[in-house]
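What follows is one structure encoded as structure tokens, with my remarks underneath.
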Amino acid sequence: MNVAEKIEKKIGRMEEGLTFKYEQLGISKEEYSAATKATERLIRKGLIKRVSKGVFYKPKKSRFGELKPREEELLKPYLFEGNKRVGYITGNSLYNRMGLTTQVSNTIKIASRSKRISTKLGKVEVKPLKSYVDINDKNYYLLEILDALKDFKIIPDLDKKSGIKLMQSRIQKLDPKEKKTLIKYALEYPPRVRAFLGAIMSVNSKGEDILSLKESLNPLTSYNLGIDDAILPTASQWFIE
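By this note's numbering, the letter at position 204 of the sequence shown is numbered 240, and the numbering carries on one by one without gaps.
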């Protein structure tokens, strides 16, 4: 069986709507050159689509026509190295998904500790951002929370009162171990994030150890987030104004 036949057979067994790279085609690196020609033929046949250089997907068919993969799926090759997560989507794309803004950005930010991720998906530009801690599948959702707190003041179209309620709800749903880890990661973020997290967690504190957050702050420094005690009752206790 030649390379083209191997690739077509492998793709034939793939689930529709999932992205893949040459590494997922069961071929050796010595066969990548032949794979380039084979994938070009499959693109012309309409069996696969190109996302970006070396990244493809098998289109999902519906009665309305072809469906593109979800944003997260399109970016999956950049978020993972093999099966290891090395990045996550952040910025306004994340905050839109969280319900903090209705605006849709034509720029997607990907945070990563180990690599600089920069590419284009059609008209959408993907820009890199350095993460504050190492990323894995068990912690990226906690970093999403901290990123939202970090950028809270600059999230477009944000209703601060509703936004704080959303963040409180998301944090309250974490179990005690997750809350402890969230606090640990917050200590790696800028002081305003630690203050904001402490203020939110202290509203309905059920014994979480937030003392480390308070001790990490300079009591002579205030954090201008445009939030007062009417919106967040504990704001002034955490030097937030």
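Note that CB positions come from ideal geometry on N, CA and C, so glycine has one too.
The structure presented is a predicted model; accordingly, all values stated were derived computationally and were not measured.
{"Check": "State yes or no: is the C-beta of I63 within less than 9 Å of the C-beta of K89?", "Outcome": "no"}
{"Check": "State the DSSP-derived secondary structure class of L115, mapped to helix, strand or coil.", "Outcome": "helix"}
{"Check": "Using three-state DSSP, classify L110 as helix, strand or coil.", "Outcome": "helix"}
{"Check": "Can you give me the start and stop residues for the beta strand (DSSP E) that E76 sits inside?", "Outcome": "Segment Y68 to K81 is the alpha helix (DSSP H) holding E76; no beta strand (DSSP E) there."}
{"Check": "Rounded to the nearest angstrom, how far is the Cβ of A231 from that of F275, given a contact under 8 Å?", "Outcome": "6 Å"}
{"Check": "Determine contact between the segment 115-126 and the segment 74-94, defined as no fewer than three beta-carbon pairs at a distance below 8 Å.", "Outcome": "no"}
{"Check": "Please report how far the alpha carbon of K156 lies from the alpha carbon of L165, in whole angstroms.", "Outcome": "15 Å"}
{"Check": "Considering only their Cβ atoms, is the gap separating I144 from K159 smaller than 9 Å?", "Outcome": "no"}
{"Check": "Using only the alpha-carbon positions, how far apart do I236 and V87 sit?", "Outcome": "40 Å"}
{"Check": "Quick test of your reading: E102 and P95, contact by CB under 8 Å. State the CB separation rounded to the nearest angstrom.", "Outcome": "4 Å"}
{"Check": "Our contact map puts N27 next to E277 with C-beta atoms below 8 Å; I'd like the distance itself, whole angstroms only.", "Outcome": "Past the boundaries of the shown model lies residue 27; the chain is included only from 37 to 277, so the question cannot be answered."}
{"Check": "Nearest by alpha-carbon distance to A266: which of I200, E67 and P226 is it?", "Outcome": "I200"}
{"Check": "Which stretch, first to last residue, makes up the beta strand (DSSP E) that contains Y93?", "Outcome": "V91 to Y93"}
{"Check": "Would you please state the rounded distance, in angstroms, between the beta carbons of M203 and L185? I believe it to be under 8 Å.", "Outcome": "7 Å"}
{"Check": "Where do the ends of the beta strand (DSSP E) carrying P164 lie?", "Outcome": "V160 to K166"}
{"Check": "With a Cβ-Cβ cutoff of 9 Å, do I207 and I191 count as a contact?", "Outcome": "no"}
{"Check": "Less than 9 Å between the C-beta atoms of L110 and D183, yes or no?", "Outcome": "no"}
{"Check": "Rounded to whole angstroms, what is the Cα-Cα separation between E44 and R99?", "Outcome": "24 Å"}
{"Check": "Would you kindly check if the distance between the Cβ of E214 and the Cβ of L249 is under 9 Å?", "Outcome": "no"}
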